[in-house]
Structure formats: structure tokens, C-alpha cells
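Below is one structure, written out as C-alpha cells; the observations come after it.
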Amino acid sequence: MKISVTDRDGNKQILEADNNSTLMEIIRDEGIDIEAACGGCCACATCHVYIDNKWMHKLDPIDDDEESMLDQAFDVKKNSRLSCQIQMNDELDGLELELAPE
Amino acid sequence: MIEKTDVVIIGAGPVGLFAIFELGLLNISCHVIDNLDKPGGQCAELYPEKPIYDIPSRVSISGQELTDDLLEQAKPFKPVYHLSQQVEKIEKLESGEWLIITSVNKSIKAKCIVIAAGAGSFVPRKLPISDIAHLEEKNILYAVRNKSILEGKKLLIVGGGDSALDWTNELSKTSNVTLMHRRKEFKASPDSVSKMLELEKNKKVNFLLGQIKGIEDLKNDKIKVITKNNEEIENFEVDYLLPFFGLKMELGPIANWGLNLDENLIKVDTEKFETSVPSIFAIGDINTYPGKLKLILSGFHEAALMAQECFKYCYPDKKNIFRYTTSSKELQKKLTSI
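Line by line, the protein sequences are chains A and B. Each residue of the first sequence is one higher than the one before, starting from 1 at the first, in the working numbering. Each residue of the second sequence is one higher than the one before, starting from 103 at the first, in the working numbering.
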């Protein structure tokens, strides 16, 4: 499985993904600069990403915790999500996302 | 006045707090410095309500409960806390001691420094907009230090948490306040929220749905804030913009102390957890060594071993006799003294 990540300089990278990880972990473990300060417990907003619109309907809907954490993020859009809250699965093979500014 | 102690601990997170205890068992006194206004570090600031499941013997404990218990456990050793300040400078004295100077000019003399600063100190998150550095601290304020300069001015406060709402409520008494947030739901305490809604109803506060898109310097001590709500763009001319987007962690002045670093982490040995500078130790999330795991329990272990080495600096002429709290009458007396 793969996901495509566009960093803040506009560079696109294709990353190897697996079902055991969240999107944040896949991005972080590849050495891409994503802060993820709280380590993935939805207690900060430093793993904020924009999910490519065509993949949005495949994600579980955002919950209250994540929505309120997004209040600390900048430039929140309709396709904003916290990447630590999205568990990779077969359905998401090929998913495209972009890192939000920080 | 210069205060004196054996060890200065930088960081009042769980590992810094447990270090007080481990050092205390060896009769070593501590002062603890933290940039936040309360002890607990990330546990108290980022996830006070979240359960932690991997503290030995605690099946589940919240970040705040862990903090409270560690404070209680450290109490018999009478630590001195210096909160809401950051260590700015350290200086090696001829006596071999360290002089530690904080951002509010407090000076403390100590034999050892223990850095237990986690991922660094918490500082307000700044706006990720380029070319606004010259406006920060001028028209853009991430914290309110002097309320009086805001009197009678036009302010745009941004955010939906406690800081944003508390300052909206407070400053609306003396300034023209607009509060902007991306949605009309707030994370702040219900009390602050209802107060703000009441003020809005009485036209003491303007509420605006939206986010910051850009900022322009109007060169007349005012700034233009370009805001966006979905596709709708609106411009605001204000004297001050106060964005409250929570806190982030930064290594800060520690980076300039000449310690061997590895990607913003401090290299230590795994016997004493001492840094490349003798009598400066680093424990918890801020250090790195082969096999390091960023766990609170690893930090606790590191604190115990660090204390053994600190003893040699604090009592160079004394022999450290290792004693258990279960058997030592002296330790028991100390631990139950309060």
C-alpha cells in the first residue's frame, strides 16, 4: 500500500504504508517534518493535513475531539484532518494528502 | 539576591518532579524551574484528562492525577518551584558551581543542573505567515503582558479556547473587541463561553466567523487583517491582533549551552545520564542514547541513576550508602515528616 504526501515546499513523495499505522506515524517515520508534538493522542494540532477531496468520503467522519483540536490549527479547510486520528486501511491505498502550514 | 541549592532541575514535568524525590532520598536539595505557570509539563498542559496506561502499578491514571501524586511524593523534600520563567543563561563559576539566571532575572547557584525539559519549553504558537516578524510584539501579541496599552484600542482576538475567551471577556471592558473563530463552538470553560455570548448579545463584543488569511502593515501603527470565512474575504483594520492558537514546544536557550546535541536532543551516557558537560545531566524525553524510548517510566529510571552521580558532586567527601526506603529508618522519618 502507498500514500502520497506533499510537503510544505510542494514536493510530492510516495510512502510505503501499512495497516498497523496512522497516517501521522507513516509520515513521521519516513523522516518528513511533521511535528506531532503530543505523540498521537489528539492533544495538539501539529499533525494537521489536508486530505485530497476525492478521498474524503472514504475516511471515518471526524469526531468532536479532533474537531475541537483543529481549533488550534491554522488555515483549517473542509478537508482538514489530524493525521494521527486516521488509521491506515486497505480502502485508503493510494490516498493523497498535503501537510498544512505550521 | 542569589538563592542557593544543590541542584537546579529545569522542567517540572513528571520526570523533573520524580527527580526531586530521587535526589531528596540522597539528601540533595532542589529548585525547579518551569516556563508554565503550573507543574506537570505536557501531562498537565497537553493531556490532563487523558488516561495513561503504562505507569507501573497504575492501571490507568490521568496526566493531572500523575502530576498531583508526583508533587505529593516530592513534598517531604521541600523543593522550591520557580514557575512562569525560563532559564536564559547558565554560567560556570570559579568555585565549580553553576549560576543559573532565569527570564525574570532570578539567580540561583547550584552544584549540578538537571535538564528534564521534555520537548523544550511551551511557548505560544505563532502565525505561519511570512513577513510579519516586524509586527510581532508590536501589533501582533501572542500574550498580554501589559493590559494598559490596549485601552480604547481596536482589537481582533482569534481562537476558541480559554485564553481567547478570557481575554475577550476581560478586554471588552476597556477596548473595542472583535472575537474571531472558525466555528461558533468553543473549547473554553462553559462559564467563559456563556459570558462571551452574553457580551455579544449586549453588543459589547463583536463575534465573527472566520480565519486569518493574511496581514498587511498599514504603516500607521495599525494593521490590516485579511480574514476568510469559506470563500468570503473581509478586511479588518485594527490596532492589535491577538491570536491564541495554543502552545508549542521549543528547545529555546538550552541549544546554546555547548552541550552535544543530536537533532535537538541532548546526548547522554546510560550510566549517569550526564551530558557532554560535567555536572549537567539530561533525563526524560529531552535526552538521547542508543535504544532510548520516550516513556515516562524510562525518565523515572534515568532520574534514579542521575541522582547517584549528582551525590558525588554535592557531597564529594561522603560515601553514598545505598539504602532502600523499606528498610532505612532515616528515610522513613524524612518521608513521613509532613
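For each residue, glycine too, the CB sits at the ideal point set by N, CA and C. No experiment lies behind these values; they were computed from the predicted model shown.
For the region 173-194 of chain B, the beta-carbon criterion of a distance under 8 Å to any beta-carbon of chain A is satisfied by none of its residues. DSSP lists I135(B) as the beta-bridge partner residues of H184(B). Chain-ordered listing is empty here: chain A has no CB closer than 8 Å to the CB of Q166(B), the nearest sitting near 13 Å. Selection T276(B), F413(B), K330(B) evaluated against V260(B) yields K330(B) as nearest (Cα-Cα).
The three-state reading of DSSP puts T204(B) in strand, counting E and B together. Here E190(B) is near I203(B), since their CB atoms are less than 8 Å apart. Interface criterion not met: the Cβ of F338(B) is under 8 Å from no Cβ in chain A. Any Cβ of chain B closer than 8 Å to the Cβ of Q13(A) would place that residue at the interface, and such an atom is absent.
Listed in chain order, the non-local C-beta contacts of A36(A) below 7 Å within the same chain comprise M24, R28, T46, C47, C84, local neighbours out to five positions each way being set aside. If you draw a 10 Å sphere on the C-beta of M56(A), you find fewer than 16 other C-beta atoms in it, and that means exposed. Selection K152(B), K208(B), N271(B), N358(B) evaluated against Y183(B) yields K208(B) as nearest (Cα-Cα).
The region 307-319 of chain B and the region 333-345 of chain B touch, with three or more beta-carbon pairs separated by less than 8 Å. Taking all protein chains in view, the Cβ of F424(B) is surrounded by fewer than 16 other Cβ atoms within 10 Å, so the residue is classified as exposed. Proximity of R284(B) to chain A, defined by a Cβ-Cβ separation below 8 Å, is satisfied. Between E66(A) and C42(A), the beta carbon gap of about 6 Å places them in contact (Cβ cut-off 8 Å). Residue range 23-29 is occupied by the alpha helix (DSSP H) that includes R28(A). By the Cβ criterion, the region 345-357 of chain B is in contact with the region 220-231 of chain B, since at least three pairs of Cβ atoms, one from each stretch, lie closer than 8 Å. Under the Cβ criterion (8 Å, minimum of three pairs), the region 253-270 of chain B counts as touching the region 70-88 of chain A. Taking each of D364(B), L127(B), E105(B) in turn and checking the Cα distance to K435(B), the smallest one comes out for L127(B). The DSSP-derived three-state label of K297(B) is helix.
Contact between L257(B) and L273(B) holds: their C-beta atoms lie close to 6 Å from each other, under 8 Å.
About 5 Å separates the CB atoms of N241(B) and I325(B); that is less than 8 Å, so the two are in contact.
If you draw a straight line from the Cα of S378(B) to the Cα of L363(B), it comes to about 9 Å.
Looking at the backbone, the Cα of G31(A) and that of L399(B) are separated by about 26 Å. Boundaries cannot be given for T372(B), as no beta strand (DSSP E) includes it and DSSP labels it neither H nor E. Residue-level contact check: Y149(B) touches chain A, since one or more beta carbons of chain A fall below 8 Å from its beta carbon.
Near chain A, meaning a CB-to-CB distance below 8 Å, the residues of the region 214-235 of chain B are A221, R227, L229, P230. In the structure shown, A212(B) falls within a strand segment according to DSSP collapsed to helix, strand and coil. Interface annotation, C47(A): not in contact with chain B, CB-CB separation never under 8 Å.
Segment contact: the region 404-419 of chain B against the region 127-139 of chain B, three or more CB-CB distances shorter than 8 Å; contact assigned. Per the C-alpha coordinates, the member of C214(B), H236(B), T276(B) positioned closest to S250(B) is T276(B). Here DSSP, grouped into helix, strand and coil, assigns N322(B) to coil. Apart from the 5 residues on each side of it in sequence, M1(A) sits with its Cβ closer than 6 Å to the Cβ of A17, D93 in its chain, given in chain order.
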